[in-house]
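Residue numbers (the UniProt record's numbering): 1 to 812.
We put the CB at the ideal spot given by N, CA and C, even for glycine.
Since the structure comes first, as structure tokens, the remarks are kept for the end.
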């Protein structure tokens, strides 16, 4: 249909609310407006700047969008939509590989397909994550440089699945199973693959847009030896969304493990039975229905199409593969159950007193049994914790709100520390001491840029991380590419692409930036969220180009206190609760009780590095003074900044590859593209700008000897002409029509013959036969093409050691 309707001179794209853009033909135009007739027969008048050029039919479902003649939003959207309709979910876009969530299982990740992509170049096979993974592996082996694959996108875009498949590819290509001394079920390859169900159980959750959403970022490194065989692995995690432990929004669940435990998938986990089938001992004391546990049942408790009992079996089996012993597994389950019971502990306010008290102790006793600690001391620390006053200590009464908040903070802290222990324990299993780790390929799976109706502290951090990652991409793609032009002494006008992100990054992280001011406000007496906002306004409003006063909210938006102009858009931020989130304070007395009275090894392990005032006193008065004044106060921002700095330093030592994951629609419907949603993500992911900038440069390069060899190793003019056509050397070029060779119709065969004859004459030229220097031969070939008007001088340049050609002018 497209081919029949397309006309070279008149066809164009115009904006459409539903489809994003629709096809039309230009009827007439003025200085400001264009009259068009849509392909559905409707005549419209649109502003001239709204009309976008349409690519010829030969670019229909093109595999690499950087080759498009007309690079615009409409062309990119159309190409992705057409490929997605055919379930071609992967598409190259310059340095990016774009993948759209298919919302169905498609058979493109089998071991047979892995083998098909092994050792193949990017252009030898259709676009695929495996092609990117293989390119990373081959580059590692050839260049002896560590590699990274950065996978970003919104929740529900498919980051987790693509991360799993990338790890699957590396496990297969570097498999050492045949030489592994361990049984197959516990081989290194198998263990690397089984980290997924373990981390997903404790780190993933159902959200409104994704049934298996990673609620943490991770950087998974797969190590290889000199020969490219597996040599180990490790995981670094970032920004665990621990608030989900005690709070879920509509359409969401808490972390999967809570529901897996309650499913009864593991006989004897919830209770032990005697021979008569009577429950004589409930291991985890989980006697009630899942909906009765408030921490984990504020919204959804089931996921359509997911059997939590089966998932529980998979998680438990993965623990076995990873080498967890029975006590480690049992303690993980006990701490998880204890968190559920914490949400059921009841308290009430004493009349006319600033003191809360228990409203029944049954759940408190269950929590303390699971954590194997003294319940009396636990309640005392919770209701009347000791605080330092002058040189002494006194008990301070806690009201109902304070106690409720302390319980939630404790539950979140235990869970986040348990998750850290879990990651560390997995790393221990993947650390193979008898294998030399020479190189690694890291896979980064982290949340993409977020703009919600209510954007809080968590969104600021996610967006800040994405600013840094986008800057890293810009540096790699543009600065390093342009440095190559300098080395080759190629004339290149350094272009300001409007993507200098340093100003926004400085606004957030530099001294007197938002994070520094937040940290400072956390230690100011009687500081509030309101005082923090006022200081931000005084410091930055009207003085920093990326800081704005928030615009009035729409009906569906929450209030906002300021706005930041990010690379992907302007975000309104609400600072309610930021000081408490950043301080993340804990009742130290409870930690002291756990450390001094608990017999649970896992609980003691996860708190072993936490220094309470009591611990500091035991270590000596001078040490207590020193630590108390310097490093005892660590905000969440301080820890996140340290982790982010380590990540960025690590990435800069690697050669990167980029995967951009896209959510096609809000309905989780396979094959359906929601235009505005997809276009917004392409902007937020930097895909559209990345293609544009790629087109400005010379992404295709060959050494002179390679260029010359390509055109001298053929016996006949016919073979030579065929090679020119097949490889698209003159893509986007025709003598007059500016059309590719492959699009010429049979009626234009004479023109085709003419060009082939000219190419033959060019390559049969005596000048090239007598010339021994590859540089000179290349220069003659290209100069003659310019004379014949089949190439323009803007489409190539001659460097010191290589010829560089613009996008679409030469096969990548």
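For residue 475, the number of other beta carbons within 10 angstroms of its own is below 16, and it is reported as exposed. Counting along the chain, residue 796 sits inside the beta strand (DSSP E) bounded by residues 796 to 798. When the Cα atoms are used, residue 151 and residue 658 turn out to be separated by approximately 6 Å.
With respect to residue 372, residue 599 sits close: the two C-beta atoms are nearer than 7 Å. Of all alpha-carbon atoms in 242, 390, 173, the one lying nearest the alpha-carbon of residue 411 is that of 242. Contact between residue 155 and residue 447 is confirmed by a C-beta separation of about 7 Å, below the 8 Å threshold. In this structure the segment 185 to 199 does not touch the segment 135 to 153; the number of beta carbon pairs closer than 8 Å is below three. Check the Cα spacing between residue 39 and each of 27, 50, 343, 33: the tightest is with 27. Per DSSP, the continuous beta strand (DSSP E) segment holding residue 237 begins and ends at 230 to 238.
Around the beta carbon of residue 340, a 10 Å sphere encloses 16 or more other beta carbons of the protein chains shown; the residue is thus reported as buried. Relative to residue 581, the option among 534, 602, 552, 640 whose CA is nearest is 640. Residue 343 carries a coil assignment under DSSP once its states are collapsed to helix, strand and coil. In this structure residue 81 is buried. Its beta-carbon is surrounded by 16 or more other beta-carbon atoms within 10 angstroms. Beta-bridge analysis with DSSP links residue 701 to 804. Distances from the CA of residue 426 to each of 560, 636, 221 were compared; the closest alpha carbon is that of 221. Distances from the CA of residue 591 to each of 456, 490, 409 were compared; the closest alpha carbon is that of 409.
Nearest C-alpha to residue 334 among 382, 257, 307, 383: 257.
When DSSP states are grouped into helix, strand and coil, residue 23 belongs to the strand group. Contact annotation: the segment 289 to 300 touches the segment 249 to 263, with at least three C-beta pairs closer than 8 Å. Judged by their CB atoms, residue 804 and residue 778 are not nearer to each other than the 7 Å cut-off.
For residue 522, the three-state secondary structure derived from DSSP is coil. The closest CA to that of residue 435, considering only 225, 604, 601, is found on 225. By the beta-carbon neighbour count (other beta carbons within 10 angstroms, threshold 16), residue 697 is buried. Note that the C-beta distance between residue 219 and residue 75 is not below 7 Å. DSSP, reduced to helix, strand and coil, places residue 404 within a helical segment of the structure shown. Looking from the CA of residue 350, the closest CA among 288, 488, 398 belongs to 398. Per DSSP, reduced to three states, the secondary structure at residue 199 is helical. Per DSSP, reduced to three states, the secondary structure at residue 455 is strand. When C-beta atoms of the segment 446 to 461 are compared with those of the segment 571 to 578, three or more pairs fall below 8 Å, so the two segments count as touching. Boundaries for residue 438: no beta strand (DSSP E) harbours it, and the DSSP string shows neither H nor E there. Contact annotation: the segment 41 to 50 does not touch the segment 78 to 98, with fewer than three C-beta pairs closer than 8 Å. In this structure, the straight-line span from the alpha carbon of residue 615 to that of residue 636 is close to 22 Å. In this structure, the CA atom of residue 686 is about 13 Å from the CA atom of residue 468.
Excluding residues up to 5 positions away in sequence, 155, 213, 252 lie with their Cβ nearer than 6 Å to the Cβ of residue 207 in the same chain. Assignment of beta strand (DSSP E) within the segment 635 to 686, counting only whole runs of 3 or more residues, yields 655 to 662 in chain order. For residue 566, the three-state secondary structure derived from DSSP is strand.
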